[in-house]
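Asker: Let me give you the structure first, and then I'll get to my questions.
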Amino acid sequence: MHNSLHASIRGQQRAIPPFVDFLLDSFGEELHDGRGGIRVFFSHKSVRQMERAFGHQPVALFKRYFGAYKVESTDNGCVITRGWRTGKMLRS
Numbered sequence: 784m785h786n787s788l789h790a791s792i793r794g795q796q797r798a799i800p801p802f803v804d805f806l807l808d809s810f811g812e813e814l815h816d817g818r819g820g821i822r823v824f825f826s827h828k829s830v831r832q833m834e835r836a837f838g839h840q841p842v843a844l845f846k847r848y849f850g851a852y853k854v855e856s857t858d859n860g861c862v863i864t865r866g867w868r869t870g871k872m873l874r875s
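Counted the way the numbering used here counts, the sequence shown spans residues 784 to 875.
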């Protein structure tokens, strides 16, 4: 999966490290946004899966990044943008 220039710039501007992308790809929950994108974010379920895989203490160190999300294209899987959640991810 590759990043658009916009996603690379936004990830850097918003201080989202590349390791968070790995965690989102491995454990993130996906929601189709109805406009050609897939929102990938951390939910309670995905955090529990990480705890089962890595243990509670290592996951607690990453707690500050659980508000991160990314949007991927449904066409080619390219990452469109990255950001920080400011509210709940509304499910349609």
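Where is the CB? At the ideal position from N, CA and C, for every residue including glycine. Predicted, not measured: the structure shown is a model, and the values here were computed from it.
Is it the case that the Cβ atoms of arginine 865 and arginine 793 are separated by a distance below 7 Å?
Answerer: yes
Asker: Apart from the five residues on each side of it in sequence, which residues of its chain come closer than 8 Å, Cβ to Cβ, to aspartate 858?
Answerer: Gly819
Asker: Just the Cα atoms here: how many angstroms apart are serine 829 and aspartate 808?
Answerer: Roughly 11 Å separates the two Cα atoms.
Asker: Below 8 Å on the Cβ atoms is my guess for glycine 838 versus phenylalanine 824; work out the distance and round it to an integer in Å.
Answerer: The pair is not a contact, with the Cβ atoms about 22 Å apart (cut-off 8 Å).
Asker: Between which two residues does the beta strand (DSSP E) harbouring isoleucine 792 extend?
Answerer: That residue, isoleucine 792, is in no beta strand (DSSP E); its alpha helix (DSSP H) goes 788-796.
Asker: Quick test of your reading: serine 787 and isoleucine 863, contact by CB under 8 Å. State the CB separation rounded to the nearest angstrom.
Answerer: 6 Å
Asker: Using a 10 Å radius around the Cβ and a threshold of 16 neighbouring Cβ atoms, would you call arginine 822 buried or exposed?
Answerer: buried
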